[in-house]
């Protein structure tokens, strides 16, 4: 901290995109031990995302691990940079995480309206093979209508989205719920989406759940996703609706 030539942490941006970040505390065994202790406390308090103390990692820092530095990011993000792709999903090889070419254009009302009339006469929907898909069993326990009616489902606009530091799964959403433009909801869907591709989308959230602290951040509700299993892998799709639906619109 006393040397102006060094920084505790940094983020590197290229062409307006975040390429990587680095933290000096990753190599500090004392700092890491304190952070693990806090994670253990969070786990005891019910935080499912909390990580338990990694004794092997701390031991390696103390006696064997050399200081590290430089730029560290995966081949997917490098390909994203080299190809000019706007979303990392466009360069992923794993098929269930790769966006389908042209789907957004087909679903865009403004684009379809401007196309030639003859192209709009016959539009064949994309054929999707669901033969290998497995879904969770439907609950047999019934919920009375009054209990269901207490859940407040609203359309929300995604104003900002970012990865939560030190969490592999969590994304932090800043949402417009029709009354507020600062509602924060955390969702563990980073394995399926990159933050930048969700900004501007319209999603569905339950907004009357009590705040739940995750990684030190209060999550004010829950975003709705559809989950299934395909070929032994879990698939997830964040439920997104037509952008013509205004923020705060209630679902019945």
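Numbering (our numbering), first residue to last: 650 to 901. C-beta atoms are modelled at their ideal positions from N, C-alpha and C, and glycine is treated no differently.
- Could you spell out where the beta strand (DSSP E) holding residue 886 opens and where it closes? From DSSP, the beta strand (DSSP E) with residue 886 extends over 882-887.
- Starting from the Cα of residue 850, find the closest Cα among 870, 834 and 804 and give me that residue. The shortest Cα separation from residue 850 among 870, 834 and 804 belongs to 804.
- What are the boundary residues of the alpha helix (DSSP H) that includes residue 684? Annotation: the continuous alpha helix (DSSP H) that includes residue 684 extends over 678-693.
- Message: Output needed for residue 806: all residues of its chain with C-beta closer than 7 Å, excluding positions within five of it in sequence on either side, in chain order.
- Response: Around residue 806: 824, 825, 851 and 896.
- Query: Taking Cβ positions, are residue 737 and residue 843 nearer each other than 8 Å?
  - Reply: Residue 737 places its beta carbon less than 8 Å from that of residue 843.
- Would you report the Cα separation of residue 726 and residue 670, rounded to the nearest angstrom? Looking at the backbone, the Cα of residue 726 and that of residue 670 are separated by about 13 Å.
- Message: Would residue 835 and residue 847 be called neighbours here (beta carbons separated by less than 8 Å)?
- Response: Taking 8 Å as the Cβ cut-off, residue 835 and residue 847 do not qualify as a contacting pair.
- Is DSSP giving residue 803 helix, strand or coil here? Three-state DSSP puts residue 803 in a strand.
- Message: If I follow the unbroken alpha helix (DSSP H) through residue 840, where does it start and stop?
- Response: Run containing residue 840: none; DSSP gives neither H nor E here.
- DSSP three-state assignment for residue 894, whether helix, strand or coil: In this structure, residue 894 counts as coil in the three-state DSSP scheme.
- Message: Using 8 Å as the threshold, is the C-beta distance between residue 885 and residue 838 below it?
- Response: Closer than 8 Å, so yes.
- Query: So is residue 868 buried or exposed if we call it buried at 16+ other beta carbons inside 10 Å?
  - Reply: Looking at its Cβ environment, which holds 16 or more other Cβ atoms inside 10 Å, residue 868 is buried.
- Task: Compute the distance between the beta-carbons of residue 864 and residue 813, then report whether it is under 8 Å.
- Result: In this structure, residue 813 lies closer than 8 Å to residue 864 by Cβ.
- Host beta strand (DSSP E) of residue 820 (start-end): For residue 820, the uninterrupted beta strand (DSSP E) segment begins and ends at 820-825.
- Nearest-angstrom Cα separation, counted from residue 685 out to residue 705: One alpha carbon belongs to residue 705, the other to residue 685, and they sit about 12 Å apart.
- Query: Measuring CB to CB, does residue 688 end up less than 8 Å from residue 699?
  - Reply: It is a contact, given that the beta carbons lie within the stated cut-off.
- Query: DSSP on residue 740, reduced to helix/strand/coil?
  - Reply: DSSP, reduced to helix, strand and coil, places residue 740 within a helical segment of the structure shown.
- Item | Burial state of residue 709 (16 or more Cβ within 10 Å) | Of the residues assessed, residue 709 falls on the exposed side of the cut-off, its CB having fewer than 16 other CB atoms within 10 angstroms.
- Specify, as a first and last residue, the run of the beta strand (DSSP E) that residue 851 falls within. Looking at the DSSP string, the run of the beta strand (DSSP E) that includes residue 851 is 851-855.
- Thinking C-alpha only, which one of 880, 878, 664 and 857 is nearest residue 870? Put simply, of 880, 878, 664 and 857 the residue whose alpha carbon is nearest the alpha carbon of residue 870 is 857.
- Do residue 882 and residue 782 come within 8 Å of each other at the CB atom, strictly closer than that value? No, they are not a contact pair.
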